[in-house]
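Inspection log for the structure reproduced underneath, given as structure tokens.
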Amino acid sequence: MSKKEIATRDVYGQTLLELGKENPNIVVLDADLACSTKTAMFGKAFPNRFFDMGIAEQDMISTAAGLAACGKIAFASTFAVFGSGRAWDQVRMMAAYTRLNVKIVVTHGGITTGEDGASHQANEDIAIMRAIPNMTVIVPTDGVQTASVIREAANFYGPMYIRLSRGKTPVVYENGCEFKVGKGTILKEGTDLTIIACGIMVEKALNAADALKKENVNCRVIDMPTIKPIDKELIIKCAEETGAIVTAEEHSIIGGLGGAVAEVIVENCVVPMARVGVRDTFGESGKPEELLVKYGLTESEIMAAVRHVLARKK
Amino acid sequence: MTAKEKIKAIEEIARKLRQHIIQMTCAAASGHPGGSLSAADIIAVLYFHQLRHDPKNPTWADRDRFVMSKGHAAPVLYAALAEAGYFSVDYLKTLRKLGSSLQGHIDMLSLPGIEMSTGSLGQGLSAANGMALAGRLDKKDYHVYCLMGDGECHEGQIWEAAMTSFHYKLDNLTAIVDHNKYQIDGKIEDIKNIQPFADKWTAFGWHVIQCNGHKVEDLTKAFEKAKRVKRQPTVIIADTVKGKGVSFMEEKPLDYHGKAPTKEEEQRALQQLCRIEAPKK
Ligand SMILES: Cc1ncc(C[n+]2csc(CCOP(=O)(O)OP(=O)(O)O)c2C)c(N)n1
């Protein structure tokens, strides 16, 4: 299967550029990673509305808040580890508590950041951003959806954390995508179990579901780009209709998509469930594909989890 | 009003702010009187002389912005906003009470006239920079003010922000440091020395003005000078006394950083501050 691949960060840069032309109120900040996060494209086109804050993520987020307090739509970008971790208190205090229009769009989320190693692999960012009141947390699935997410971010009032990848990701939405905050999408119908995935794991979930058909297992697959507010109705519906859930994410199994889904399941409709993700450990240097295998973020890992959960269902 | 009368009037207001600080924190049985009292004259000059603002129209697009970076000094800001007419003076006694808009640390969403939420030290100057940058983009002539503590200047983000203000030559921004020489655990010079303080700001490319932070005339002159400085940000290092105006707080600033006066202390403080009648309860 040779699928089309696009880097979500490239789409981010391109969409920002378009938005910059359409809306003079958009400003963009970066912290010395503008070439990597792709905000440099906006910076080149609109130098007056672009602020490279240097290696000062905390300053960047609070400055973005100040701009937003004066009516600007402030996009602030850096790597996921730094945007979520280094500036967590600033995000909490000045973007979220204030409910200001600050869009924290980070790249290099998850283990596929690769060769840079554990210091640069954000496997906890969704958990720590999700814990902050007023925050909306989004992990786009592919490049096509990313364009829609970024446009929606510019229209949506309030703080957002949007997590993109470093590498190219396979296109799932070949026929376009209209993203809506807080809504998951059924990509594949099924009756035995539901796989709920986000980011790069969505395509792997689809592949796993295809492969499981040969074992006479009929999986439903849900794309869940909004981690917060999570699509509670859809999760409950899937739990009721298929009676078992597996989540898959490029993030720690603690506090991310798996955590969010488990919270809904436990309080509303208890069914057997398993989480596929990084198992509470730091990553290391390596090629993205090697790391995905070593840290259990593969089709076969999802299939194993499905079999395991189905055994518990009976 | 002559200039002299104007100064007298602001001094009177500062005295009122101090009374409110004592009464509010006593009624709340918590809060930060020491660092509120040290900033009372600075805040009085800002809200009753320097700032372009309109209590009847708190979201006026052309208003000057004030960011209270040392968010624990909320009582002095609330007192000033009440005296200026943003809300009733009577409301001050709800400080820190359940359901009150007068949160323990400043919350911009709960109260008109507040530009930024603070309480986690070190962040205000960055936000003020953002406001100054927005003003420049929008071609507005408003000025942005930011008040910081001297202990607060331990925070690395202050210096990140100081570089930003310099880099963007933000002459529509004036920072003020309430230089009262104390933090929570002791004297700043004993805990972690910030000297040479003025030199640090100079080295970061700022125009530095030092003044007596309790002399209204000094403060007004400093603010006027600051506004005349072009293509460079200005910091006013205002020499102050923690607990200013209340003798037993001035003598023991460490005891009254984050501790409210008791009823008995409130009476003693008010006698010193106002020669007004004690509040009827
Ligand atoms: C990030 C952060 N760390 C610690 C505190 C707790 N704290 C509140 S006030 C204060 C001391 C502040 O000293 P200074 O800035 O000199 O204020 P002042 O003496 O004027 O009250 C501390 C450590 C805080 N509010 N924020």
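Protein chains in written order, with my numbering: chain A, 1255 to 1568; chain B, 17 to 297.
We treat Cβ as the ideally placed atom computed from N, Cα and C, and that holds for glycine.
From a predicted model like this one, the values you see are computed outputs, not experimental measurements.
Buried or exposed: where does residue i fall if 16 or more other Cβ atoms within 10 Å of its Cβ makes it buried?
i, result
"A294 (chain B)", "In this predicted model, A294 (chain B) has a pLDDT of only 46, less than 50, meaning its place in the structure is not dependable enough to derive any value."
"E176 (chain B)", "buried"
"A1408 (chain A)", "buried"
"N196 (chain B)", "buried"
"Y1351 (chain A)", "buried"
"K24 (chain B)", "exposed"
"Q139 (chain B)", "buried"
"C1289 (chain A)", "exposed"
"K1292 (chain A)", "buried"
"V105 (chain B)", "exposed"
"P212 (chain B)", "exposed"
"N1302 (chain A)", "exposed"
"L67 (chain B)", "buried"
"P1387 (chain A)", "exposed"
"T1395 (chain A)", "buried"
I'd like to confirm something about residue i: is its beta-carbon nearer than 7 Å to some heavy atom of ligand 1, or not?
i, result
"E267 (chain B)", "no"
"K258 (chain B)", "yes"
"A89 (chain B)", "yes"
"Q199 (chain B)", "yes"
"E168 (chain B)", "yes"
"D194 (chain B)", "yes"
"H273 (chain B)", "yes"
"H48 (chain B)", "yes"
"S136 (chain B)", "yes"
"K86 (chain B)", "yes"
"S1316 (chain A)", "no"
"S54 (chain B)", "yes"
"G221 (chain B)", "no"
"G51 (chain B)", "yes"
"G140 (chain B)", "no"
"G165 (chain B)", "yes"
If you drop the 5 nearest sequence neighbours on each side, which residues of the same chain put their C-beta closer than 7 Å to that of residue i?
i, result
"I207 (chain B)", "Q199 and D201"
"I26 (chain B)", "A60, V61, F64, H65 and V232"
"G1497 (chain A)", "V1525 and K1567"
"R34 (chain B)", "L53, A56, G261 and L289"
"L1459 (chain A)", "Looking at the sequence itself, residue 1459 (chain A) is Ala, so the reference to Leu does not match. The answer, listed in chain order, is I1449, A1451, V1475, A1502 and I1556."
"K1467 (chain A)", "none"
"I29 (chain B)", "A60, F64 and E99"
"I1440 (chain A)", "R1474 and I1476"
"I1340 (chain A)", "Looking at the sequence itself, residue 1340 (chain A) is Arg, so the reference to Ile does not match. Only E1311 and Q1312 meet the Cβ criterion."
Got a sec? Which residues, its chain only, sit under 6 Å from residue i by beta carbon, not counting five neighbours each side?
i, result
"L137 (chain B)", "E168 and E171"
"T1490 (chain A)", "The sequence shown places Ile at residue 1490 (chain A), rather than the Thr named in the question. Around I1490 (chain A): N1522 and C1523."
"G259 (chain B)", "G50, L53, M265, E266, P269 and Y272"
"K109 (chain B)", "A43"
"F103 (chain B)", "none"
"P128 (chain B)", "P74 and Y102"
"T10 (chain B)", "Residue 10 (chain B) lies beyond the stretch modelled for chain B, which goes from 17 to 297, so this question has no answer here."
"V1518 (chain A)", "K1486 and I1489"
Could you name the residues of the same chain whose beta carbon sits closer than 8 Å to that of residue i, not counting the 5 residues immediately before and after it, in chain order?
i, result
"I1404 (chain A)", "V1265, Y1266, T1269, L1270, L1273, V1359 and I1416"
"K297 (chain B)", "Note that K297 (chain B) has pLDDT 46, beneath the 50 cutoff, so the model's placement of it is unreliable and the number below is only indicative. Closer than 8 Å at Cβ, skipping near neighbours: no residue."
"I1365 (chain A)", "Q1375, N1377, E1504, V1532, G1537, P1542, L1545, L1546, Y1549 and L1551"
"A242 (chain B)", "T190, H223, I225, T250 and I252"
"T41 (chain B)", "G47, H48, P49, S52, P91, L111, A276 and P277"
"H1562 (chain A)", "A1528"
"M1295 (chain A)", "G1267, Q1268, L1270 and L1271"
"A1385 (chain A)", "G1509"
Contact check, residue i vs residue j under 8 Å by CB: the rounded distance?
i, j, result
"I1481 (chain A)", "V1426 (chain A)", "In fact, because the Cβ distance is near 17 Å, the residues do not count as touching under 8 Å."
"C227 (chain B)", "A238 (chain B)", "4 Å"
"A1261 (chain A)", "S1419 (chain A)", "7 Å"
"G1510 (chain A)", "I1380 (chain A)", "4 Å"
"Y149 (chain B)", "Y184 (chain B)", "Rather than Tyr, the amino acid found at residue 149 (chain B) in this sequence is Leu. Contact flag correct, Cβ pair sits at about 6 Å."
"D157 (chain B)", "Q248 (chain B)", "So it is not a contact: roughly 17 Å between Cβ atoms."
"N1279 (chain A)", "G1337 (chain A)", "At roughly 22 Å, the Cβ-Cβ gap does not stay under 8 Å, so N1279 (chain A) and G1337 (chain A) are not in contact."
Measuring from the CB of residue i, is there a heavy atom of ligand 3 at a distance below 7 Å?
i, result
"G1339 (chain A)", "Among the ligands present in this structure, namely ligand 1, ligand 3 is not found."
task = Indicate whether the contact test is met: 3 or more Cβ pairs, each with one atom in the region 1310 to 1323 of chain A and one in the region 138 to 145 of chain B, closer than 8 Å.
result = Look at the beta carbons and you see the region 1310 to 1323 of chain A touching the region 138 to 145 of chain B: at least three pairs across the two are nearer than 8 Å.
ask   = Using 8 Å as the Cβ pair cut-off and three pairs as the minimum, do the region 61 to 74 of chain B and the region 93 to 100 of chain B touch?
value = A contact exists between the region 61 to 74 of chain B and the region 93 to 100 of chain B.
ask   = Would you call the region 1497 to 1512 of chain A and the region 1527 to 1543 of chain A in contact, with 3 or more CB pairs under 8 Å?
value = Three or more pairs of CB atoms, one per stretch, sit closer than 8 Å, so the region 1497 to 1512 of chain A contacts the region 1527 to 1543 of chain A.
Contact the region 109 to 118 of chain B vs the region 71 to 86 of chain B: 3+ CB pairs below 8 Å = The answer is no - the region 71 to 86 of chain B does not touch the region 109 to 118 of chain B, with fewer than three Cβ pairs under 8 Å.
task = Assess, as a yes-or-no matter, whether the region 1307 to 1315 of chain A is touched by the region 1326 to 1346 of chain A under the definition of 3 or more beta carbon pairs within less than 8 Å.
result = With three or more CB-CB distances shorter than 8 Å, the region 1326 to 1346 of chain A counts as touching the region 1307 to 1315 of chain A.
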